[in-house]
Ligand SMILES: Cc1ncc(COP(=O)(O)O)c(C=O)c1O
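Numbering (my numbering), first residue to last: 2 to 399.
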């Protein structure tokens with residue numbers, strides 16, 4: 002996928018990096034910038050604490066680790082989400098139970114949580130797909146009624162809002178990614194936010210080989226690894242916070258124009274925003290193709306768009322369409338019964354299955370392109386669908 006960095010003030014970044022080099026403070030342990038970034042990012046999301054991690058996946062792993070769940074315990078996850086969500090659960094010997102998503106927002110459908118929960122359910126993870134906030138009232142109600150902690154994956158939704166609340170301000174912990182395709186980026190990077198002192202101390206230990214966060218000696222209290230982010234990455238991130246909200250607005254305006262054009266193609270379905278008042282981050286632009294188009298026709302469309310240098314991918318596969326559940330079983334992380342539980346849950350996710358076969362997803366960078374380029378994109382989509390329809394009709398007649 003072709004990505005662009007957001008507006009970066011290169012001079013400021015060079016000064017920040019020079020400072021790190023001259024003071025030789027490249028490492029998290031005695032770095033110059035990490036603490037202040039954590040505090041600023043947490044404050045912007047109305048959280049008490051933040052801990053930077055090497056990437057967003059490690060932030061999710063730290064959040065799942067902080068649940069203190071036992072092997073075989075279950076975590077409800079959206080059936081349509083980037084693999085890191087389910088992987089963070091399996092890595093810790095827990096069972097991700099995929100729950101279908103809404104036809105409109107493509108986010109976890111709160112009305113399906115009750116049927117998916119069992120006496121082994123220990124938490125719910127939601128992911129705000131493409132920057133669209135999940136229906137948090139309904140999700141929190143479902144979580145609270147079962148006394149289940151909630152983890153938010155905001156990797157695609159920096160500073161999106163649900164009502165007056167910023168994404169990342171809900172539940173026990175929230176996680177973000179700063180990977181290259183994200184709207185705030187240092188190439189790789191992540192952060193965990195929480196209001197809970199126990200969770201932040203656990204996370205600070207988690208990213209540092211289980212060490213006591215107040216003591217960088219060799220007192221390793223639990224099994225974990227190194228998930229620290231280098232200071233140079235933080236030097237890249239710091240100033241992006243100043244323009245992130247403006248950038249969100251720029252993308253929102255550009256998306257409105259693009260959506261207006263795409264809506265003129267009746268066979269396409271766009272992601273709808275949450276019913277309640279919300280502000281989308283538009284980190285990705287999902288476009289759902291008509292149901293009569295096959296997966297291979299969708300893949301051919303993606304290929305043709307890539308040839309024209311559009312940053313685009315197909316929708317995420319279902320959990321059981323990947324090798325990760327099988328491999329977790331082979332490694333003894335989950336049992337055969339638990340593998341069957343995941344397979345059974347995955348058979349019931351009709352909306353996610355359709356998205357896996359029929360969605361195309363553009364990177365947010367297209368929203369910075371010129372209007373005539375975006376008009377060209379709409380024409381390409383319309384032409385491709387027309388050609389596929391014509392060849393389907395010809396096949397029917399022959
Ligand atoms: C929803 C979601 N969660 C988690 C991640 C993992 O983040 P990272 O790539 O920084 O490990 C991503 C990254 O693409 C993501 O989109």
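We treat Cβ as the ideally placed atom computed from N, Cα and C, and that holds for glycine.
Mind reading off the beta-carbon distance from residue i to residue j? Whole number of angstroms is fine, and I expect it under 8 Å.
i: residue 169; j: residue 155; result: 5 Å
i: residue 161; j: residue 132; result: 5 Å
i: residue 143; j: residue 174; result: That pair is no contact at about 18 Å.
i: residue 167; j: residue 246; result: Not quite, the Cβ-Cβ distance comes to about 10 Å (not below 8 Å), so this is no contact.
i: residue 281; j: residue 253; result: 7 Å
i: residue 41; j: residue 242; result: 6 Å
i: residue 54; j: residue 67; result: With a Cβ gap of about 12 Å, residue 54 and residue 67 do not count as contacting.
i: residue 105; j: residue 273; result: 4 Å
i: residue 152; j: residue 109; result: That pair is no contact at about 12 Å.
From the DSSP output, in three-state form, read off residue i for me.
i: residue 1; result: There is simply no residue 1 to check, as the chain begins at 2 and stops at 399 in what is shown.
i: residue 2; result: Per-residue confidence for residue 2 stands at a pLDDT of 43, beneath the threshold of 50, marking its modelled position as unreliable; the derived number appears in the next sentence. DSSP places residue 2 in coil when its eight states are reduced to three.
i: residue 221; result: strand
i: residue 166; result: strand
i: residue 314; result: strand
i: residue 128; result: strand
i: residue 372; result: helix
i: residue 31; result: helix
i: residue 86; result: helix
i: residue 358; result: helix
i: residue 335; result: coil
i: residue 103; result: coil
i: residue 56; result: coil
i: residue 180; result: strand
i: residue 192; result: strand
i: residue 123; result: strand
i: residue 76; result: strand
i: residue 387; result: helix
i: residue 280; result: strand
i: residue 379; result: helix
i: residue 347; result: helix
i: residue 249; result: helix
i: residue 68; result: coil
i: residue 171; result: coil
i: residue 26; result: coil
Is it the case that the Cβ atoms of residue i and residue j are separated by a distance below 7 Å?
i: residue 346; j: residue 134; result: no
i: residue 366; j: residue 312; result: yes
i: residue 291; j: residue 268; result: yes
i: residue 50; j: residue 201; result: yes
i: residue 137; j: residue 107; result: no
i: residue 87; j: residue 96; result: no
i: residue 358; j: residue 310; result: no
i: residue 29; j: residue 35; result: yes
i: residue 204; j: residue 193; result: yes
i: residue 379; j: residue 238; result: no
i: residue 84; j: residue 124; result: no
i: residue 57; j: residue 232; result: no
i: residue 364; j: residue 82; result: no
i: residue 236; j: residue 18; result: yes
i: residue 314; j: residue 352; result: no
i: residue 65; j: residue 93; result: yes
i: residue 302; j: residue 385; result: yes
i: residue 101; j: residue 350; result: yes
i: residue 341; j: residue 164; result: no
i: residue 184; j: residue 284; result: yes
Can you check which of these residues, the options, is closest to residue i by C-alpha distance?
i: residue 197; options: 16, 52, 29, 162; result: 52
i: residue 270; options: 68, 249, 360; result: 360
i: residue 209; options: 348, 64, 229; result: 229
i: residue 43; options: 72, 159, 115; result: 159
i: residue 316; options: 331, 299, 305; result: 299
i: residue 211; options: 199, 225, 217, 149; result: 225
i: residue 145; options: 165, 122, 163; result: 122
i: residue 103; options: 318, 354, 303; result: 354
i: residue 118; options: 148, 128, 93; result: 148
i: residue 180; options: 275, 383, 60, 324; result: 60
i: residue 339; options: 69, 90, 18, 17; result: 90
i: residue 266; options: 288, 248, 273, 276; result: 288
i: residue 157; options: 163, 164, 141, 129; result: 129
i: residue 80; options: 342, 374, 320, 377; result: 320
i: residue 387; options: 214, 293, 223; result: 293
i: residue 306; options: 217, 381, 74; result: 381
i: residue 257; options: 308, 336, 372; result: 372
i: residue 368; options: 26, 218, 251, 23; result: 251
i: residue 22; options: 234, 70, 217, 199; result: 234
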